[in-house]
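First to last, the protein sequences are chains A and B. Under the working numbering, the residues of the first sequence are numbered 690 to 937, in order. Under the working numbering, the residues of the second sequence are numbered 140 to 732, in order. Notes follow the structure.
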Amino acid sequence: MESELPRVNGSIGPHTFLLTLTAVVGVLVAFLSLDFVLARIERTETSAHAESLFEEGTRLLAGNHTEDAIDRFGSAHAMARDSVRYTVALASALLADRRAAAAEEALTPLLLSHGSAAPVNLAMARVMIAERRPQDAISYYHRAIYGEWAGDAAKRRDSVRFELIELLARRADSSALLSELLSVDATAASRETRLRLGKLFLRAGSPQRSIDVYRAILHTRPHDMEALVGLQESEIALSKARLRPSAP
Amino acid sequence: MQVAPTILGGRVRLIERFAHLIEDLRKQEDRLSLVLSVLIGALVGAVVVAFILLTGRLASHIYPAGGAGWRRILAPIVGSLVTGYLLYRVFPDARGSGIPQTRAAIFIHDGRISLRTIIGKFVCCSTSLASGIALGREGPSVHIGSGIASVVATRLGLSKAQVRWLVPVGGAAALSAAFNTPIAAVLFSLEEIMGDLHAPILGSVVLSSTTAWMVLHLVLGDEPLFHVAPYHLVNPVEFIVYAALGVVGGLGSVGFVKLLLALRQRFMRMPKSTVWIQPVVGGVTVGLLGYYVPAMLGVGYDQVDKVLSGDLALRVVLMFGLLKIVATSVCYASGNAGGIFGPSMFIGAMMGAAVGQVAHQLLPGSTAGPGAYALVGMGTAFAGIIRTPLTSVIMIFEVTRDYTIIVPLMISNMVAFWISQRLQRAPIYEALAHQDGIHLPTGHYRAASRALPVSTALRDAPGILAPEMLVQQALTRVETSELRSWAVSDAGEFLGMLRTSDLAEAVADGDGSMSVRELLDESRRAAMKRTGEFAHLHPDQPLGQALARMGETQHNVLPVVSRANVHKLLGIVTLPDVLRAYGVEEQEGRDGE
Chain A
690 MESELPRVNG SIGPHTFLLT LTAVVGVLVA FLSLDFVLAR IERTETSAHA
740 ESLFEEGTRL LAGNHTEDAI DRFGSAHAMA RDSVRYTVAL ASALLADRRA
790 AAAEEALTPL LLSHGSAAPV NLAMARVMIA ERRPQDAISY YHRAIYGEWA
840 GDAAKRRDSV RFELIELLAR RADSSALLSE LLSVDATAAS RETRLRLGKL
890 FLRAGSPQRS IDVYRAILHT RPHDMEALVG LQESEIALSK ARLRPSAP
Chain B
140 MQVAPTILGG RVRLIERFAH LIEDLRKQED RLSLVLSVLI GALVGAVVVA
190 FILLTGRLAS HIYPAGGAGW RRILAPIVGS LVTGYLLYRV FPDARGSGIP
240 QTRAAIFIHD GRISLRTIIG KFVCCSTSLA SGIALGREGP SVHIGSGIAS
290 VVATRLGLSK AQVRWLVPVG GAAALSAAFN TPIAAVLFSL EEIMGDLHAP
340 ILGSVVLSST TAWMVLHLVL GDEPLFHVAP YHLVNPVEFI VYAALGVVGG
390 LGSVGFVKLL LALRQRFMRM PKSTVWIQPV VGGVTVGLLG YYVPAMLGVG
440 YDQVDKVLSG DLALRVVLMF GLLKIVATSV CYASGNAGGI FGPSMFIGAM
490 MGAAVGQVAH QLLPGSTAGP GAYALVGMGT AFAGIIRTPL TSVIMIFEVT
540 RDYTIIVPLM ISNMVAFWIS QRLQRAPIYE ALAHQDGIHL PTGHYRAASR
590 ALPVSTALRD APGILAPEML VQQALTRVET SELRSWAVSD AGEFLGMLRT
640 SDLAEAVADG DGSMSVRELL DESRRAAMKR TGEFAHLHPD QPLGQALARM
690 GETQHNVLPV VSRANVHKLL GIVTLPDVLR AYGVEEQEGR DGE
């Protein structure tokens, strides 16, 4: 029956037909141009509005007005659903308001489109902790560590790794903790980080590594009191370990 | 020195080849159909996207962020006043939703929609929707798209039948761009506009819908109209809750449709001189509601987005749903430009969320959150109000892109559709057309009418009675005739039919001095009680319908009236004429021999 469709009845000549067709194409081009201009204006205004809402939300969250902050972040997120910043801010605010399920719902679509974005994975890891799903949290922490960071990636990765280490230490998961600590040990340079490492090696049940870390600090700073105290604690722990009867 | 003539010759040959190509295109209908479907799809897509964006820009200027509350009262009033005047004076055919007008264009006006109507629809709807009038953009978009197809086809010199075929092609493209649902747009075009899922324009409709959708994505990107969380059926007990949602949705839909039609009937009874100012009633209603509840302004898709996320409390969704029913009914009934497609979605989402919240409170472990019910509720209200169950299922499926929602949707939709059919005989667009005196054909009967139409047995009405004539005079005039029913007409306006026996009975009862009009009124009242409307036929109805209707009404003569105006008498059909059309009389003659 498609053959019943348009059939020129001959009421207009070929020139008029061609002119009309050209005019239709011209109108189409004009409207498409208008569409692109309007869409660009719309996008610019929307992103500016979303940014101002995000800033307002950040201020409100800093002032502990969590409910209002969620509202602003939610509106910014609705305007730019692909924005990692807005979604993570919304999820963090929801989490601060003890609404972990809602935070997870906000983050899930973004993880599908931005699976390698480290901030999204980090936010999701925190949500998982709130939902008492530590195994999932560890997985998201790892994705955050090896994911893409904008800006100072090394510093952020270390910070995330320590967050993960804290979780592992709380769970008393010594082998996993030791494995993470060894990763940090290879790159940690600052005194603070190394002091922290020393304490954590001790908690992970590896006093010898803790001693090595403190000795390295004392090598450059012989009178560092914190390192000296840490070294003493580690040596006592090591002695106790040696005195403990070994398994048959 | 031979280079210039060679280039010139090459160009001439190129132009000649192009001219041949165009000439071939004109002559080969299949190719032309293909090209026009794509061209109309792209043009309609571009115009509808401009319509959406311009309306949005206008709205953002009328309601700037942090704007004063008085704007919410003043803007709808001014908007409805301006558009009311324009619709009355300049664009009378651009009033209302656009769907019944598109159907009327296809089935009555040979697919003709004027350029003025398209411009009027664009300008008036954009202004009224931006000002906050609680109506939708989809119906007007369909009218604009259909109008563009009609104008392009007419200007290209296509025949009436061909123009008529292209109108739904434009409508589908418009809905595809306006609602971002290309498959549902195809189905809507066939199910609602054409009233026939087997219409032979399927290929062209699919092409135009797809092209328009591509234009939408090219300009605005892959942004869905609503953002919904993945759907999950928590427990099979939810099927019962979805059926309950169907009951609520069906009853709510009927309530909305009846309120809208009743209000519109009242506005239509008002003096014609008030038509231009009637839309202001809608503007004032929305303004006052919008002052206290800003969510009532406009179609309210942002609120739908919120309720789909399950962010609104039970009392809020109940209030939004009820207020929207009132706001949309008053806005539409008072004659504002805009559709009911979008508001139906809003009302459905609120009804669904309400049912979902109650269910979740009663059975927290066995039911999903209210967002899932809001989603199904949208389709349910659409099935109940617009009465296109298949389109509504596919539409929600396209919005969610989630297959698992299909079964709950089907349960809920079918329940709502069934209830709506039982309690409100005519679907809303058909009822609106009826109020305008336009009788559009249904899909069921068009399939039957492909056999033998009433027009084959049509004859001029002899001896029309004037309403001022006395019954005694009328009886004297008609009693010797073989015909047993007579048309009563006042200055070209057909009023109804009177039987010779009615006239004779009235005279026998001593009412011979009564006027024909009085007797007709009595007779019509009795007939209306029996059948709900006065008996008539349209020329394109199946002849079998004439026989059935003669049996129902005990008239052996029935009036044939125009679909565009039921008070325009085109002729009559008598029982012998019908039998003759079927060849029964000739058969009897041969038997006699």
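Glycine is no exception: its CB is placed at the ideal position from the N, C-alpha and C atoms.
(request) Give the straight-line distance between the Cα atoms of B/Leu642 and B/Gly690, rounded to the nearest whole angstrom. (result) 20 Å
(message) Between which two residues does the beta strand (DSSP E) holding B/Met636 run?
(response) Glu632 to Arg638
(request) Go ahead and label A/Arg933 buried or exposed: buried means 16 or more other beta carbons lie within 10 angstroms of its beta carbon, across all protein chains shown. (result) exposed
(request) Ignore the nearest five residues each way along the sequence and tell me which others in B/Gly237's own chain have a CB closer than 7 Å to its CB. (result) Lys260, Gly278, Pro279, Val281, His282 and Gly478
(request) Could you have a look at B/Gly429 and say whether DSSP puts it in helix, strand or coil? (result) helix
(message) Do B/Ala434 and B/Phe395 have their beta-carbon atoms positioned less than 7 Å apart in this structure?
(response) no
(request) Can you tell me which of B/Val420, B/Gly631, B/Val456 and B/Tyr430 puts its alpha carbon nearest to the alpha carbon of B/Asn475? (result) B/Val420
(request) Could you have a look at B/Asp361 and say whether DSSP puts it in helix, strand or coil? (result) coil
(request) For B/Glu727, collect the residues of the same chain with a Cβ closer than 6 Å to its Cβ; drop the 5 residues on either side in sequence, then sort them by chain order. (result) Note that B/Glu727 scores a pLDDT of 47, beneath 50, so its modelled location is shaky and nothing firm can be said.
(request) Give the straight-line distance between the Cα atoms of B/Val290 and B/Ser253, rounded to the nearest whole angstrom. (result) 7 Å
(request) Kindly give me the distance between the Cβ atoms of B/Ser265 and B/Ala312, rounded to whole angstroms, as I take these residues to be in contact under 8 Å. (result) Not quite, the Cβ-Cβ distance comes to about 18 Å (not below 8 Å), so this is no contact.
(message) Let's test the definition: count the other Cβ atoms within 10 Å of the Cβ of B/Leu107 and tell me whether it reaches 16, buried, or not, exposed.
(response) Residue 107 of chain B cannot be examined here, being either before or after the span of chain B that is shown, 140 to 732.
(message) Between which residues of its own chain and B/Cys263 is the CB-CB distance below 7 Å, once the five residues before and five after are set aside?
(response) Thr222, Leu225, Leu226, Phe230, Ala233 and Ala476
(request) Taking all protein chains shown into account, decide if B/Val188 is buried (16 or more other Cβ within 10 angstroms of its Cβ) or exposed. (result) buried
(message) Quick check on the burial criterion: 16 or more other C-beta atoms within 10 angstroms. Buried or exposed for B/Glu733?
(response) In the structure displayed, chain B extends from 140 to 732; residue 733 of chain B sits before or after that span and is not available.
(request) Name, in chain order, the residues that DSSP records as bridge partners for B/Arg598. (result) B/Ile711
(request) In angstroms with no decimal places, state the Cα-to-Cα distance between B/His366 and B/Leu171. (result) 39 Å
(request) Scan the segment 777-811 of chain A for residues whose Cβ lies nearer than 7 Å to a Cβ of chain B and list them as they occur along the chain. (result) Glu794
(message) Let me check one thing: in DSSP terms, what residues is B/Trp625 bridge-paired to?
(response) B/Leu637
(message) Along the segment 725-752 of chain A, where does the CB come closer than 8 Å to a CB of chain B? Name the residues.
(response) Phe725, Leu727, Ala728, Ile730, Glu731, Glu734 and His738
(message) Would you say B/Ile287 lies against chain A (beta-carbon separation less than 7 Å)?
(response) no
(request) Could you name the residues of the same chain whose beta carbon sits closer than 8 Å to that of B/Thr595, not counting the 5 residues immediately before and after it, in chain order? (result) Leu682 and Ala720
(message) I need the DSSP call for B/Leu164, collapsed to helix, strand or coil.
(response) helix
(request) Consult DSSP for A/Thr797 and reduce its assignment to one of helix, strand or coil. (result) helix
(message) Quick test of your reading: A/Asp786 and A/Thr755, contact by CB under 8 Å. State the CB separation rounded to the nearest angstrom.
(response) 5 Å
(request) Express the C-alpha separation of B/Arg228 and B/Ser412 in angstroms, rounding to a whole number. (result) 12 Å
(request) Express the C-alpha separation of B/Ala665 and B/Phe633 in angstroms, rounding to a whole number. (result) 18 Å
(message) Only counting the same chain, and skipping five residues up and downstream in sequence, which positions put a Cβ closer than 8 Å to that of B/Ala507?
(response) Tyr370, His371, Leu372, Val373, Glu377, Gly495 and His499
(message) If I follow the unbroken beta strand (DSSP E) through B/Leu697, where does it start and stop?
(response) Val696 to Val700
(request) With a threshold of 16 other CB atoms inside 10 Å of the CB of B/Arg561, please say whether the residue is buried or exposed. (result) exposed
(request) For my contact list, A/Leu749 and A/Ala739 are in at a C-beta cut-off of 8 Å; report their separation, rounded to the angstrom. (result) Going by Cβ atoms, the distance from A/Leu749 to A/Ala739 rounds to 15 Å, so no, they are not a contact pair.
(request) For A/Arg770, return the contacting residues in chain B, with the cut-off set at a CB-CB distance below 7 Å. (result) His366
(request) Could you round the C-beta distance between B/Ser285 and B/Thr241 to whole angstroms and report it? I think they count as a contact, below 8 Å. (result) 4 Å
(request) Output, in chain order, the set of chain A residues within a Cβ distance shorter than 8 Å of B/Leu182. (result) Val713, Val716, Leu717 and Phe720
(request) Return the CA-CA distance between B/Ala87 and A/Thr776, expressed in angstroms with no decimal places. (result) Because residue 87 of chain B is not part of the residues shown, which for chain B are 140 to 732, the question remains open.
(message) Taking DSSP's pairing of strands, which residues face A/Glu943 in a bridge?
(response) A query on residue 943 of chain A cannot be resolved here, the shown segment of chain A reaching from 690 to 937 and no further.
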